[in-house]
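In terms of our numbering, the sequence shown opens at residue 1083 and continues consecutively. Glycine included, each C-beta is placed from N, C-alpha and C at the ideal position. None of the values given here were measured: they were computed from a predicted structure.
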Amino acid sequence: MSRTKPAHTATRKSARVADEVARASRKAPSTTATTTGVPITKASARSKPTMCKSARLAANISRAGPNAPSAKTIASRNSAKAKHPRNRRHRSDQHRPEAQQPTEPESIISLPQELRDMIWTYVMSDLPTRFTLTPDMPIHSMTFYPAVLPDVAFVSCSIRVEVILAWLRRTRIIFGQDDDTTCFMFREFLDQFENGRESVRMVTINAMEIPRDEWYVYHRTSPWFLETFSGLTSLTIMLNINNLLKPIEETTLELKHPRTSAELKESWHLGPLFASPNFRTLSIGVEVDVTDWLIDHPEVQNERWVTPLMDVLQDVAEKEAKRKPEFIRVWVKPCPNPFYKMIWVECVLGRRQDPSA
């Protein structure tokens, strides 16, 4: 049978604690004494006496009554708080909503391919839109040519490939001469990439000589040419007057008898080029001698040079490409040589017709 302590026992304990407090306060150094001989003021006399830590603890226990925790319990609690302080900032971070938590920036590679191509094209808006290849120009496998690509192309290998393909799509490649070595080197560069040949959209060939052999016609429009540039949309050709004339002998030309439309169509073989689904624009420039061209007689000009070219383009476009040209225009430009003029004939194809229609 347990016995409860009577109330007078707790009262005696409180009385003992009070006596200890009073005894400790009497033992504490008096605040009214002077150490330097300076008289004590009223403010210093009214200040509370200094109490040690144990005395303050005992006073708090006596004021709390019989149900107050013991000094040992309070000391253990204080030591536990000192060992494990509260990290209020860490706790607030745990309850922070996900929308407020900082997120890492996404990489540009995570964007869709179409959007990345638009970004690369925009970055290259200040670069030239034409690039001329010559036989003595080395083609580098990594950068194609120095100072051609923007700085963003060298961030990583994957970005470099995408930037090169975007550069090929927006740049007109100009072959300065009819040189097979340059074409071969350029094709080797394109074969590094999965869609290298399809990325070339615009090509210009200057000073092109069409051989007079029947078996070797304009090879840039042959199947080899279409295989090299399968994504071609625009082709510009600058021809010599000899390409429009009839050869009478191997070394002579009859300037008064140019090729007819049927002869041009047979010798040029433009059908495969126009049959390509992506092809749209063909521009042919012919350098003509002013003295023979009869510059002062437009009727003769049209009959001898312009009309055959327009007839060839019109016929090939309708029969081979299965679509009518949107327009065929002719204009004349001066040449560096004052005795020559450049006749330009441009054919722009319309939308491709449905073969089943």
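Here's a check: name, in chain order, each residue in its chain whose Cβ is nearer than 6 angstroms to the Cβ of L1193, leaving out the five neighbours to either side. none
Check A1127 in the structure and name its three-state DSSP category. Any reading at A1127 needs caution, since the residue's pLDDT is 45, under 50, leaving its predicted position unreliable; the model's value is listed next. Under the three-state reduction of DSSP, A1127 is assigned to helix.
Segment contact, 8 angstroms Cβ cut-off, at least three pairs: the segment 1392-1404 with the segment 1342-1361: Yes, the segment 1392-1404 is in contact with the segment 1342-1361.
Does L1197 pass the burial test, meaning 16 or more other C-beta atoms within 10 Å, or should it be called exposed? exposed
To the nearest angstrom, how far is it from the Cα of M1083 to the Cα of T1155? Note that M1083 scores 47 on pLDDT, short of 50, meaning its location in the model is unreliable; the coordinates nonetheless yield the value given after this. Those two C-alpha atoms are separated by around 27 angstroms.
Between P1407, T1342, F1236, G1367, which lies nearest to T1448 when the distance is taken from Cα to Cα? This structure leaves residue 1448 out entirely; the chain is present only between 1083 and 1439.
Touch check for the segment 1227-1236 and the segment 1269-1280: three-plus C-beta pairs under 8 angstroms? no
In angstroms, rounded to a whole number, what distance separates the CA positions of V1285 and I1256? 6 angstroms
Who are the Cβ neighbours of V1237 in its own chain at under 7 angstroms, not counting the five residues just before and after it? Non-local beta-carbon contacts of V1237 in its own chain, meaning distances under 7 angstroms to residues more than five positions away in sequence, are absent.
When you measure from the CB of M1284 to every non-hydrogen atom of the ligand PLP, does any distance come out below 7 angstroms? In terms of ligand content, the structure shown is empty, and the ligand PLP therefore cannot be addressed.
Classify I1246 as helix, strand or coil using the three-state DSSP reduction. In this structure, I1246 counts as helix in the three-state DSSP scheme.
Just mark K1406 as buried or exposed, buried being the case when its beta carbon has 16 or more other beta carbons within 10 Å. exposed
Does the Cβ of I1221 have 16 or more other Cβ atoms within 10 Å, making it buried, or fewer, making it exposed? Exposed, since its Cβ has fewer than 16 Cβ neighbours within 10 Å.
Sheet register partners of S1316 (DSSP bridge): M1284, T1363
Quick check: what's the CA-CA separation for S1240 versus F1311? 23 angstroms
Would you mind reading off the limits of the beta strand (DSSP E) that contains R1254? 1254-1257 is the span of the beta strand (DSSP E), which, as asked, contains R1254.
Report back the beta-carbon spacing between V1430 and R1362 to the nearest angstrom; my notes put them in contact at under 8 angstroms. 7 angstroms
So, under 8 angstroms CB-CB, Y1422 and V1368 are touching, yes? Tell me the CB distance rounded to an integer number of Å. So it is not a contact: roughly 10 angstroms between Cβ atoms.
Pick out whichever of F1275, L1250, C1417, E1345 has its Cα sitting closest to the Cα of T1214. L1250
Can you tell me which of the three DSSP states T1225 falls into? coil
Excluding the 5 residues preceding and the 5 following V1243 in the sequence, name in chain order all residues of the same chain whose CB lies nearer than 8 angstroms to its CB. Shown here for V1243: same chain residues with a beta carbon closer than 8 angstroms to its own, the five before and five after excluded, namely F1275 in chain order.
Can you give me the C-alpha to C-alpha distance between D1199 and T1253, rounded to a whole angstrom? 14 angstroms
Would you kindly work out how many angstroms separate the C-alpha atoms of S1223 and I1319, rounded to a whole number? 27 angstroms
Can you tell me which of the three DSSP states V1237 falls into? coil
C-alpha distance - N1360 paired with E1345, whole-angstrom precision: 26 angstroms
Compute the Euclidean distance between the alpha carbons of M1219 and P1418, then round it to the nearest angstrom. 24 angstroms
Reference P1210, options P1232, D1393, I1201, closest by Cα: When only C-alpha atoms are compared, the closest one is P1232.
Limits of the alpha helix (DSSP H) - the one that I1201 falls within: 1195-1205
Out of curiosity, what's the CA-to-CA distance linking W1413 and L1391? 12 angstroms
Reference V1394, options G1432, R1105, L1326, I1201, closest by Cα: L1326
Close-in-space but distant-in-sequence residues of the same chain around F1356 (CB under 8 angstroms, 5 per side omitted): L1364, V1398, A1399, E1402, A1403, L1431
Once the 5 residues before and after W1202 are set aside, which same chain residues still bring their CB inside 7 angstroms of it? E1244, V1245, A1248
Taking just the CA atoms, how far does D1101 sit from T1118? Here T1118 scores only 46 on pLDDT, less than 50, and its place in the model is too uncertain to base an answer on.
Report the option in M1267, F1266, G1313, I1287 whose CA atom is closest to the CA atom of R1279. G1313
Close Cβ partners of N1288 (< 8 angstroms) along its chain, the five nearest in sequence each way excluded: I1256, F1257, G1258, Q1259, M1320
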